[in-house]
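Enquirer: Please find one structure pasted underneath; my questions will follow.
Protein chains in written order, with our numbering: chain A, 1 to 375; chain B, 376 to 750.
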């Protein structure tokens, strides 16, 4: 196996597949990146028990200046490969001999690292390009950001550690809940199939990182046995699915509200953020919201440290004009951070009922936060 | 006690004195910032067992928009004060009652925190402005950066954990060594006194941070009992001194060299950095330097990972033309990072003798790195 490639391009590709690789794996071979040189492309593969990321660099790609001298494959420890390539000044020339010794040449610098035979690398699931949905990477990232934060952080109910994705009749919905709060979003997509999948929150967070530094591209999403595949022209992330039945969340959303208020989203977020300073000693970061005389009072108390209170004007109010409710300040902050709009609507059905949080102009995005006891 | 002040200005001042405060102190009062409102200024004090930082904001300072309504003093936990002020949107109005309850008002937001009586704050050493040396903050920071990294990281010989500063006849010298390497620098200053001080490396690192974001100013350095004081118009850092006798380091510097080579400093640093990748499994990060046929070969080996080698051209060579020496790659990197010039001189007296590292155009800055055994 032998190839030449432009340093920056190889460096970036290594970074992309490395995000699938965990240094703490019971299988040493999985700390490595598999490099496969084919006639017309170089493929990099990284994997852990949850996800696989595969990057294909075509020989025809002008940016890569890739030249495949001899086909073959090898596995190289990701950590060392990353460090070495990052520190080499010039373009990269890699040669691998029969003993899997990898020679990396760059200008006057020669580096040798011990590789592993590619045959030792676990066989990955194979996918045929099947129908599914097609969505822009920017739109998909937005949807994931607006839901994934609400997945459960503990493992008592594994299905809740994932985001529930449903594709049905050109509709694509995502739901995440940890049973104290819910984020639910629905959008229209071009779909040729239907299905329901629970994708681990951790995989979706990797997906976000992967596309954060990429140009906008079309992502194809399709399923294959117990995997969901996210694929663009040059990169593929495939995630294990969580087995089980996801609870029906649409039934949780209250239909009628006693009080609806409209607020400046950024200002409210800052107020809750301040109140959280004194809410730390409560198990649920209790922040008290009180609607009274056309204003919203935000307050929190910590017996050890002190207390704070502030008044924010209501931009609009409908329904009952007095209400007091204790909420988890951190959940409220997460909910408000996910809303990209200037104004937000909060709908209350009573002190012991969940609050609905919605952007003013988007009916398809709904969040729910349950109240906490304030004693 | 009561005063009003501009948010950003107060925020910055809190940040400055906070750097003296450690969250892990056996004395809870030292987790606080002491605020003292006098007729014509506000003073902030932060301290740990090693250093005291004191910031004075004059009422006359136009940037601060400070208004002292009522004099007095209080101690407020640094962590909470920092967080609260950072999160408040408008200018700050602080009132303290007889029970040391601190009320912070900013726009529509009222925060209460529990303070401590200022009388509980330990009495700090008092200094009279005495003679000493005067030096620009930029120059002093440069001198500290070029020496402090070489202090000992362990406590077996406490004097070696400090930088040895000597003032004598308008000369100011700094030396730091951990007995494997040495950094020594001498400069001319205006001095009206003389003395010899061992200043803890940790204090000097705080000093660097403190002046990193300040405009250039004149620093006065003077001693007072077991303290050394660094003082500008608005801020003062005073550091405990280390007691004991510092070893005479000038005797360590070899007078004659067998081989002197001149190299591109940045290129050499990058080469050593690469070689360090494979030097990790050695106790001393062994990197091998070989001078041969007018070039420098840098190499390192790790039996588990691999090896690397590279050739760099010598810009000049005088003396014996063949030499091989093993050095601690990390020490070499530290030494090269401290040299701000394009070219560096390495002087060798033999494989088992320390190497002298010097910038080409500055005779007053000398570094020494001892060889390591390479087996």
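Even for Gly, the Cβ is constructed at its ideal location relative to N, Cα and C.
Is the distance from the Cβ of residue 137 of chain A to the Cβ of residue 211 of chain A below 8 Å?
Expert: Numbered from 1 along the first chain, position 137 holds the residue referred to as residue 137 of chain A. Numbered from 1 along the first chain, position 211 holds the residue referred to as residue 211 of chain A. Yes, the pair counts as a contact, with Cβ atoms nearer than the cut-off.
Enquirer: Going by beta carbon distance, what residues of the same chain come within less than 7 Å of residue 574 of chain B, once the five residues before and after it are set aside?
Expert: Taking the first residue of the second chain as 1, we reach residue 574 of chain B at position 199. Excluding residues within five positions, the ones whose Cβ falls inside 7 Å are 537, 538, 540, 603, 614, 616.
Enquirer: List in chain order: all unbroken beta strand (DSSP E) runs of 3+ residues lying wholly within the stretch 659-729 of chain B.
Expert: Entirely contained in the stretch 659-729 of chain B, the beta strand (DSSP E) runs reaching 3 residues are, in chain order, 661-667, 670-677, 681-688, 691-694, 698-703, 718-723.
Enquirer: For a cutoff of 8 Å on Cβ pairs, would you count residue 681 of chain B as touching chain A?
Expert: For the purposes of this step, residue 681 of chain B is taken as residue 306 along the second chain, with counting starting at 1. Yes, residue 681 of chain B counts as interfacial toward chain A.
Enquirer: Report yes if the C-beta distance between residue 151 of chain A and residue 160 of chain A is below 8 Å; otherwise report no.
Expert: In the first chain, residue 151 of chain A corresponds to position 151, counting from 1. In the first chain, residue 160 of chain A corresponds to position 160, counting from 1. It is a contact, given that the beta carbons lie within the stated cut-off.
Enquirer: Flag this pair as touching only if the stretch 116-133 of chain A and the stretch 31-39 of chain A have three or more C-beta atom pairs under 8 Å; answer yes or no.
Expert: Yes: at least three Cβ pairs fall under 8 Å.
Enquirer: With which residues is residue 252 of chain A paired in a DSSP beta bridge?
Expert: Position 252 of the first chain, counted from the first residue, corresponds to residue 252 of chain A. None; residue 252 of chain A has no bridge partner.
Enquirer: With a threshold of 6 Å on Cβ separation, who are the neighbours of residue 221 of chain A within its own chain once the five nearest residues in sequence on each side are excluded?
Expert: Here residue 221 of chain A refers to the residue found at position 221 of the first chain. Same-chain partners within the cutoff: 132, 133, 230.
Enquirer: Candidates B:414, B:445, B:727: which alpha carbon is nearest residue 629 of chain B's?
Expert: Position 254 of the second chain, counted from the first residue, corresponds to residue 629 of chain B. Looking at the Cα atoms, B:727 is the closest of the given residues.
Enquirer: For the candidate residues B:659, B:547, B:478, B:601, whose alpha-carbon lies nearest to that of residue 562 of chain B?
Expert: What you label residue 562 of chain B is simply residue 187 of the second chain in a count that begins at 1. The shortest Cα separation from residue 562 of chain B among B:659, B:547, B:478, B:601 belongs to B:547.
Enquirer: Say whether the stretch 387-401 of chain B touches the stretch 417-424 of chain B, bearing in mind that this needs 3 or more beta-carbon pairs closer than 8 Å, one atom from each stretch.
Expert: Enough Cβ pairs lie closer than 8 Å, so yes.
Enquirer: Considering only their Cβ atoms, is the gap separating residue 430 of chain B from residue 610 of chain B smaller than 8 Å?
Expert: The sequence position of residue 610 of chain B within the second chain is 235, counting from 1. The sequence position of residue 430 of chain B within the second chain is 55, counting from 1. Their beta carbons are under 8 Å apart, which means residue 610 of chain B touches residue 430 of chain B by this criterion.
Enquirer: Between the alpha carbons of residue 168 of chain A and residue 364 of chain A, how many angstroms are there, rounded?
Expert: Counted from its first residue, the first chain places residue 168 of chain A at position 168. Counted from its first residue, the first chain places residue 364 of chain A at position 364. Distance between the alpha carbons of residue 168 of chain A and residue 364 of chain A: 15 Å.
Enquirer: Among A:13, A:147, A:180, which has the Cα closest to the Cα of residue 354 of chain A?
Expert: Position 354 of the first chain holds residue 354 of chain A. Nearest of A:13, A:147, A:180 to residue 354 of chain A, Cα basis: A:180.
Enquirer: Am I right that residue 636 of chain B and residue 691 of chain B are in contact with their C-beta atoms under 8 Å? What's the rounded C-beta distance?
Expert: Here the question's residue 636 of chain B lines up with position 261 in the second chain. Here the question's residue 691 of chain B lines up with position 316 in the second chain. So it is a contact: roughly 7 Å between Cβ atoms.
Enquirer: Would you mind reading off the limits of the beta strand (DSSP E) that contains residue 418 of chain B?
Expert: Counting from 1 along the second chain, the entry for residue 418 of chain B is found at position 43. Note, residue 418 of chain B: beta strand (DSSP E), 416-422.
Enquirer: State whether the stretch 651-660 of chain B contacts the stretch 677-697 of chain B, with contact taken as three or more CB pairs (one from each stretch) at a distance under 8 Å.
Expert: Yes, the stretch 651-660 of chain B is in contact with the stretch 677-697 of chain B.
Enquirer: Taking buried to mean at least 16 other C-beta atoms within 10 Å of its own C-beta, is residue 687 of chain B buried or exposed?
Expert: Looking up residue 687 of chain B in the second chain gives position 312. So residue 687 of chain B counts as buried.
Enquirer: Please report the Cβ distance between residue 731 of chain B and residue 719 of chain B, rounded to the nearest whole angstrom; I am assuming they are in contact, meaning their Cβ atoms lie under 8 Å.
Expert: Residue 731 of chain B sits at position 356 when you count from the first residue of the second chain. Residue 719 of chain B sits at position 344 when you count from the first residue of the second chain. The pair is not a contact, with the Cβ atoms about 11 Å apart (cut-off 8 Å).
Enquirer: Please confirm if residue 488 of chain B has its CB atom under 8 Å from at least one CB of chain A.
Expert: To locate residue 488 of chain B, count along the second chain from 1; it is residue 113. Closer than 8 Å: yes.
Enquirer: Just to confirm my understanding: we take residue 84 of chain A, look at its own chain, exclude 5 residues before and 5 after, and list those with CB closer than 8 Å. What are they?
Expert: As a position in the first chain, residue 84 of chain A is number 84, starting the count at 1. Result list for residue 84 of chain A: 104, 111, 113, in chain order.
Enquirer: Can you check whether the C-beta of residue 108 of chain A is within less than 8 Å of a C-beta belonging to chain B?
Expert: Here residue 108 of chain A corresponds to residue number 108 of the first chain, with the count starting at 1. It does; some Cβ of chain B falls within 8 Å.
Enquirer: Grab me the residues of residue 258 of chain A's own chain with a C-beta within less than 8 Å of its C-beta, minus the 5 sequence neighbours each way, in chain order.
Expert: In the first chain, the residue the question calls residue 258 of chain A occupies position 258. Within the same chain, residue 258 of chain A has close Cβ partners 319, 320, 323, 348, 349, 350.
Enquirer: Under the DSSP definition of a beta bridge, which residues are partnered with residue 376 of chain B?
Expert: As a working note, residue 376 of chain B is residue 1 in the second chain. Answer is none; residue 376 of chain B lacks a bridge partner.
Enquirer: Taking only beta carbons into account, state which residues of the stretch 450-479 of chain B come closer than 9 Å to chain A, listed in chain order.
Expert: Residues 452, 455, 458, 459, 462, 463, 464, 476, 477, 479.
Enquirer: Name, please, each residue of chain B whose Cβ falls closer than 9 Å to the Cβ of residue 277 of chain A.
Expert: As a working mapping, residue 277 of chain A is identified with position 277 in the first chain. Those within 9 Å of residue 277 of chain A in chain B are 455, 458, 459, 462, 486.
Enquirer: Quick check on the burial criterion: 16 or more other C-beta atoms within 10 angstroms. Buried or exposed for residue 640 of chain B?
Expert: The count along the second chain starts at 1 and reaches residue 640 of chain B at position 265. So residue 640 of chain B counts as buried.
Enquirer: Using a Cβ-Cβ distance cut-off of 8 Å, determine whether residue 639 of chain B contacts chain A.
Expert: The residue you call residue 639 of chain B lines up with position 264 of the second chain. Closer than 8 Å: no.
Enquirer: Taking the alpha-carbon positions, what's the residue 455 of chain B to residue 263 of chain A distance?
Expert: Numbered from 1 along the second chain, position 80 holds the residue referred to as residue 455 of chain B. Numbered from 1 along the first chain, position 263 holds the residue referred to as residue 263 of chain A. If I take the Cα positions, the gap works out to 28 Å.
Enquirer: Going by beta-carbon coordinates alone, are residue 333 of chain A and residue 289 of chain A separated by less than 8 Å?
Expert: Within the first chain, numbered from 1, the residue matching residue 333 of chain A stands at position 333. Within the first chain, numbered from 1, the residue matching residue 289 of chain A stands at position 289. Cβ distance not < 8 Å, so residue 333 of chain A and residue 289 of chain A don't count as in contact.
Enquirer: For the beta strand (DSSP E) that contains residue 495 of chain B, what are its first and last residues?
Expert: Residue mapping note: residue 495 of chain B aligns to position 120 of the second chain, counting from 1. Premise fails: residue 495 of chain B is in no beta strand (DSSP E) and is neither H nor E.
Enquirer: Which bits of chain B does residue 273 of chain A rub up against, with CB to CB less than 9 Å?
Expert: The sequence position of residue 273 of chain A within the first chain is 273, counting from 1. Going along chain B in sequence order, the residues near residue 273 of chain A (Cβ under 9 Å) are 462.
Enquirer: Would you report the Cα separation of residue 41 of chain A and residue 64 of chain A, rounded to the nearest angstrom?
Expert: Along the first chain, read from residue 1 onward, the residue named residue 41 of chain A stands at position 41. Along the first chain, read from residue 1 onward, the residue named residue 64 of chain A stands at position 64. Between residue 41 of chain A and residue 64 of chain A, the C-alpha separation is close to 11 Å.
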